[in-house]
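In UniProt numbering, the protein residues as written are 1 to 348.
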Amino acid sequence: MNPYVLTILLSSLGLGTTLTFASSHWLLAWMGLEINTLAIMPLMARQHHPRAVEAATKYFLTQATAAAMILFAATTNAWLVGEWSINDMSHPVASSMIIAALALKIGLAPMHFWLPEVLQGLDLVTGLILSTWQKLAPLALIIQVAPTTSPLMLTLLGVLSTLVGGWGGLNQTQTRKILAYSSIAHMGWMIIISQYAPYLTLLALGMYVFMTTTAFLSLKMTSATNIGTMSTMWSKAPILVSTTALALLSLGGLPPLTGFMPKWLILQEMAKQQLPLTATIMALAALLSLYFYLRLCYAMALTVSPSTTNATTPWRTRTTQSTATLALFTIATLGLLPIAPAVVTLVT
1 MNPYVLTILL SSLGLGTTLT FASSHWLLAW MGLEINTLAI MPLMARQHHP
51 RAVEAATKYF LTQATAAAMI LFAATTNAWL VGEWSINDMS HPVASSMIIA
101 ALALKIGLAP MHFWLPEVLQ GLDLVTGLIL STWQKLAPLA LIIQVAPTTS
151 PLMLTLLGVL STLVGGWGGL NQTQTRKILA YSSIAHMGWM IIISQYAPYL
201 TLLALGMYVF MTTTAFLSLK MTSATNIGTM STMWSKAPIL VSTTALALLS
251 LGGLPPLTGF MPKWLILQEM AKQQLPLTAT IMALAALLSL YFYLRLCYAM
301 ALTVSPSTTN ATTPWRTRTT QSTATLALFT IATLGLLPIA PAVVTLVT
């Protein structure tokens, strides 16, 4: 892709998200979301492959539907209450419609069916943008609308997303689909706590971005797109295999890795809010996700030669990709748990 075009598209991605962050009016927020969607479409379709075009088409249709729902809900709220402000979504019908539309935008269950299919058709870098940057603007709106939304709706979306994210990834062999279901499960953790402690949603989002970026960049470094290819990684990059396995376990929420911090604090807050049953279901659903992360770790680190694979084994050439970004994100993914008290103090 032409570097000037790429610069314009990436700048538009940043502009769309910043516009949504800065807006207090629904029309401005909607405009930011639309700029975001239109900017990522050429990045998705740049491979000129039928799967990429199909993924871009599916993404466009779902995002257009969600954007239309947001406009309709904002108009309904303005008609019933007389307010266009994001913080004044006082009518239950309008706020429920907004949450449903934003859930469709970020792929929360039961509006999640598009996400694994779209992510599977993209290359790993565009998939990384879709899994991290594209979640920021809708989540910012959800945090603002959550106080006036039905707690039952948010709890159902959260619990269902963690369960679907866990169950859906169990039988997958493609790493991008596994990371898509991982994204669904993590969004469930963020949405369920947004009504009680929004700062924990921001903390969980930050940790999720660190861990997902590490996972995608590690897979890109070795061009591993399925479990079969991952089983041959150890002979090509043994140190990278060790850090990738630990990053996946961090995504699963195992202590003493960074991913344990948001889950631990969210469960603690839910116990304070007298929600022991919901907290138990969430903790058990996290075990489902942990199983398929362990499956990936087993394929990478515990299968030794001869492990037969139908995938084309890549040449063991020295990579030309920059490793500085991957190193920084890996350190953040593996070692932030000891500073959890400082992080909590900063975000509260």
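Glycine residues also receive a C-beta, built at the ideal position from the N, C-alpha and C atoms.
- Rounded to whole angstroms, the separation of the alpha carbons of Q321 and S131 is 21 angstroms.
- Approximately 5 angstroms separates the beta-carbon atoms of F329 and T213; this is inside 8 angstroms, confirming the contact.
- N171 carries a coil assignment under DSSP once its states are collapsed to helix, strand and coil.
- Taking Q174 as the centre and dropping the five residues before and after it, the same chain places the C-beta of Q120, T225 and N226 closer than 7 angstroms to its C-beta, in chain order.
- Rounded to whole angstroms, I98 and M69 show a C-alpha spacing of 7 angstroms.
- The count of Cβ pairs closer than 8 angstroms, one atom from the stretch 253 to 270 and one from the stretch 231 to 244, stays below three, leaving the stretches out of contact.
- The C-beta distance from L179 to M190 rounds to 16 angstroms, too long to meet the 8 angstroms contact threshold.
- Leaving aside the five residues that flank L9 on each side, the residues in its chain whose CB is nearer than 7 angstroms to its CB run, in chain order, A39, P42 and L43.
- Distances from the CA of T222 to each of A185, L203 and L326 were compared; the closest alpha carbon is that of L326.
- Judged by DSSP in its simplified three-state form, N226 adopts strand.
- Only residues of its own chain outside the window of five on either side were considered, and among them M211, L257, T258, G259, T333 and L334 have a CB closer than 7 angstroms to the CB of S250, listed in chain order.
- G169 counts as buried, since at least 16 other C-beta atoms from the protein chains shown sit within 10 angstroms of its C-beta.
- DSSP, reduced to helix, strand and coil, places H112 outside both helices and strands of the structure shown, so it counts as coil.
- Leaving aside the five residues that flank I129 on each side, the residues in its chain whose CB is nearer than 8 angstroms to its CB run, in chain order, L13, I40 and L43.
- Under DSSP, H186 shares a beta bridge with no residue.
- T348 and A342 have their C-alpha atoms roughly 10 angstroms apart.
- In this structure, the CA atom of P338 is about 13 angstroms from the CA atom of T345.
- Between A66 and K105 a beta carbon distance of about 4 angstroms is seen, short of the 8 angstroms cut, so the two are scored as contacting.
- For S250, DSSP records no beta bridge to any residue.
- In the three-state reduction of the DSSP assignment, S85 falls in the strand class, which pools E and B.
- One Cα belongs to P276, the other to T155, and the distance between them is close to 13 angstroms.
- The beta carbon of S194 lies closer than 7 angstroms to those of I142, I143, A146, L154 and T201 in the same chain, with the five residues before and after it left out.
- Annotation for Q144: the continuous alpha helix (DSSP H) segment containing it runs W133 to V145.
- Classified as exposed, T280 has fewer than 16 neighbouring CB atoms from the shown chains inside 10 Å of its CB.
- Contact annotation: S161 and A185 have beta-carbon atoms nearer than 8 angstroms.
- Setting aside the 5 residues that flank it on each side, A56 is surrounded in the same chain by M41, M44 and A45, each with a C-beta closer than 7 angstroms to its C-beta; the list follows chain order.
- In this structure, L15 keeps its C-beta atom at 8 angstroms or more from the C-beta atom of L28.
- Residue range F260 to K272 is occupied by the alpha helix (DSSP H) that includes Q268.
- A residue is called buried when at least 16 other Cβ atoms come within 10 angstroms of its Cβ; Q172 meets this threshold and is buried.
- Nearest C-alpha to K177 among G82, F60, G107 and E34: G107.
- Sequence-distant partners of A245 (beyond 5 residues in either direction) whose C-beta falls short of 7 angstroms from its own C-beta, in its chain, are C297, M300 and A301.
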